[in-house]
Amino acid sequence: MIEPDFEKAGGLVPAIVQDAATGEVLMLAWMNREAWIMTVETEKATYWSRSRKQLWVKGETSGNVQKVREIRLDCDSDAVILKVEQRGAACHTGYYSCFYRRLSGDRLEVTGERLFDPEDVYGK
Numbered sequence: 007m008i009e010p011d012f013e014k015a016g017g018l019v020p021a022i023v024q025d026a027a028t029g030e031v032l033m034l035a036w037m038n039r040e041a042w043i044m045t046v047e048t049e050k051a052t053y054w055s056r057s058r059k060q061l062w063v064k065g066e067t068s069g070n071v072q073k074v075r076e077i078r079l080d081c082d083s084d085a086v087i088l089k090v091e092q093r094g095a096a097c098h099t100g101y102y103s104c105f106y107r108r109l110s111g112d113r114l115e116v117t118g119e120r121l122f123d124p125e126d127v128y129g130k
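Numbering (the working numbering), first residue to last: 7 to 130.
As structure tokens, then:
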């Protein structure tokens, strides 16, 4: 199986996630070899949580799943782009994209619309 160079990347590679239809960047996550294999085999975006130290399938808790439509590797095979069909919000804060804020002078301006309240989905 073709895969990123996990050894060179220290076991984890960054996965940049884009909306397959629009190209909008939705999020950045991390993949280890197991997450890579699951993603390729199931076409469901699967990542490695550095904070929880476990695999997670995007949308498993929230229902906001990512159906993988295309996978790209960079020239060094140490970064991945997933082009996905996003159901609902990609961001755990309830926004479609994790990049819903723009630097405007010395402050962050919210440019996205919140699709859900995280407390309703994940609890407190």
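All C-beta atoms in this analysis are idealised placements derived from N, C-alpha and C, irrespective of residue type, glycine included.
None of these values were measured; they are calculated from a predicted model.
Local conformation of residue i per DSSP, three classes
{"i": "Y128", "result": "helix"}
{"i": "M44", "result": "helix"}
{"i": "R39", "result": "helix"}
{"i": "A21", "result": "strand"}
{"i": "L61", "result": "strand"}
{"i": "E9", "result": "coil"}
Beta-carbon separation (whole angstroms), residue i vs residue j, contact threshold 8 Å
{"i": "A35", "j": "V23", "result": "7 Å"}
{"i": "R131", "j": "T117", "result": "In the structure as shown, the chain begins at 7 and stops at 130. Residue 131 is therefore absent and cannot be evaluated."}
Straight-line gap, residue i to residue j (C-alpha atoms, nearest Å)
{"i": "L88", "j": "A96", "result": "13 Å"}
{"i": "D11", "j": "N70", "result": "29 Å"}
{"i": "V74", "j": "M44", "result": "11 Å"}
{"i": "E115", "j": "S83", "result": "34 Å"}
CB contact flag (residue i, residue j, <8 Å)
{"i": "A26", "j": "E76", "result": "yes"}
{"i": "K64", "j": "A51", "result": "yes"}
{"i": "M37", "j": "A21", "result": "yes"}
{"i": "G29", "j": "S68", "result": "no"}
{"i": "Y102", "j": "L121", "result": "yes"}
Residue i burial status per 10 Å Cβ neighbour count (16 or more: buried)
{"i": "Y106", "result": "buried"}
{"i": "M33", "result": "buried"}
{"i": "Y53", "result": "buried"}
{"i": "Q92", "result": "buried"}
{"i": "Q60", "result": "exposed"}
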